[in-house]
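Undergrad: So that we are looking at the same thing, I have put the structure below in structure tokens.
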Amino acid sequence: QVQLVESGGGLVQAGGSLRLSCTASGSISRINTMGWYRQAPGKQRDLVASITSGGSTNIADTVKGRFTISRDNAKNTVDLQMNSLKPEDTGVYYCNVVQGSIIVRQYWGQGTQVTVSS
Numbered sequence: 085q086v087q088l089v090e091s092g093g094g095l096v097q098a099g100g101s102l103r104l105s106c107t108a109s110g111s112i113s114r115i116n117t118m119g120w121y122r123q124a125p126g127k128q129r130d131l132v133a134s135i136t137s138g139g140s141t142n143i144a145d146t147v148k149g150r151f152t153i154s155r156d157n158a159k160n161t162v163d164l165q166m167n168s169l170k171p172e173d174t175g176v177y178y179c180n181v182v183q184g185s186i187i188v189r190q191y192w193g194q195g196t197q198v199t200v201s202s
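Heads up, our numbering is the position in the sequence shown plus 84, with the first residue counted as 1.
Laid out in structure tokens, this is it:
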């Protein structure tokens, strides 16, 4: 089992910045992809950004140029730097980890609220 602890959410005005952090612990070997998903009220959970163990990133078009994902493999952390925030970025942000290659397991954090006021 992998446990994920998130931090860094909060309330910010449009145009502001926030940084989300997620730390993985437990059975953390063979973690492949780490990332962040977002779920707005009444909507599905969508990928915001992900990063592989090798450093390849996948960034949603809606946040490209504003959000940056980074990872520290030694510390088992993944961060999401969010700049130029917009009200539509509001939602619950979930840390996600994918582990394994043949047998794949996926883990989720408890979620952290990000609210961007206009």
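Built from N, CA and C at the ideal position, the CB exists for glycine as well.
In whole angstroms, give me the CA-to-CA distance for Y191 and E90.
TA: Position 107 of the sequence shown, counted from the first residue, corresponds to residue 191. Position 6 of the sequence shown, counted from the first residue, corresponds to residue 90. When rounded, the distance between both Cα atoms is 13 Å.
Undergrad: So is R189 buried or exposed if we call it buried at 16+ other beta carbons inside 10 Å?
TA: Reading the sequence shown from its first residue, position 105 is the one you call residue 189. Looking at its Cβ environment, which holds fewer than 16 other Cβ atoms inside 10 Å, R189 is exposed.
Undergrad: Quick check: the segment 150 to 170 against the segment 125 to 134, are there 3 or more CB pairs under 8 Å?
TA: yes
Undergrad: Measuring only the C-alpha atoms, how far is G119 from P171?
TA: Reading the sequence shown from its first residue, position 35 is the one you call residue 119. Reading the sequence shown from its first residue, position 87 is the one you call residue 171. Between the alpha carbons of G119 and P171 lies a gap of roughly 21 Å.
Undergrad: According to DSSP, which residues form a beta bridge with R155?
TA: The sequence position of residue 155 within the sequence shown is 71, counting from 1. Per DSSP, the beta-bridge partners of R155 are V162.
Undergrad: Whose C-alpha, out of K148, C179, G195, is nearest the C-alpha of S168?
TA: Here the question's residue 168 lines up with position 84 in the sequence shown. Checking every option, the nearest Cα to that of S168 belongs to K148.
Undergrad: Could you check if D156 is buried or exposed, using at least 16 other CB atoms within 10 Å of its CB as the buried criterion?
TA: Position 72 of the sequence shown, counted from the start, is the residue given in the question as residue 156. Its Cβ having fewer than 16 others within 10 Å, D156 is exposed.
Undergrad: Should G146 go down as buried or exposed, given a rule of 16 or more other Cβ atoms within 10 Å for buried?
TA: As a position in the sequence shown, residue 146 is number 62, starting the count at 1. Looking at the sequence shown, residue 146 is not Gly but Thr. Result: exposed.
Undergrad: What is the rounded straight-line gap between the Cα of L88 and the Cα of K127?
TA: Your numbering for residue 88 matches position 4 in the sequence shown. Your numbering for residue 127 matches position 43 in the sequence shown. Computed Cα separation, rounded: 23 Å.
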